[in-house]
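Residue numbers (the numbering used here): 1 to 181. Just so it is clear, CB atoms sit at the ideal spot from N, CA and C, and this is done for glycine as well. For clarity, every value in this text was computed on a predicted model and none was experimentally measured.
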């Protein structure tokens, strides 16, 4: 009846709905560390032609890291996110490489400028950037793979340098970057 409906009052549910919880955080139904979500997202099998999706994926990884840095565990989360974004630096599309470079720079900015892990990262990218590619090799699959490695190294080095533009913790990295032939 109409009178009965008017007297009913709304009561708050005893347990809040998970849909109403607006805090961004990793919520996984599987056991394991939260960076497994980062790995599964980055390893999703998107066709190479969908570079927009790859670029959005890189931005998603960066956003997940930024929003959940403290719940991931600062050091472990930064290392795993850096590795996953670093893999996307090798994407065949320049647009995806550019977005991955910017996101890698933002992840590296979370490090301390004197961090040993940052030095290891820098040395890894210096090694990749120093990969030698002969002009006659660039037509072969092996040569293209070496060229990808070299480009990944250059992009990674620029991300390291752009993460700390005013403190410049690695002047040798700038010298190495400028001396590449």
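Around the beta carbon of residue 126, 16 or more other beta carbons lie within 10 angstroms, which makes this residue buried. With fewer than 16 neighbouring CB atoms inside 10 Å of its own CB, residue 94 falls in the exposed class. Counting along the chain, no alpha helix (DSSP H) covers residue 115, and no H or E run does either. Closest in C-alpha terms to residue 103, from the list 51, 151, 116 and 83, comes 83. Apart from the 5 residues on each side of it in sequence, residue 111 sits with its Cβ closer than 6 Å to the Cβ of 118 in its chain, given in chain order. The three-state reading of DSSP puts residue 148 in helix, counting H, G and I together. With contacts defined as CB atoms closer than 8 Å, residue 158 and residue 101 qualify as a contacting pair. When only Cα atoms are considered, residue 79 and residue 107 end up about 9 Å apart. Residue nearest to residue 81 within the set 123, 63 and 98 is 63 (criterion: CA-CA distance).
Taking 8 Å as the cut-off, the Cβ atoms of residue 154 and residue 143 do not count as close.
In this structure, the alpha-carbon of residue 85 lies about 10 Å from that of residue 105.
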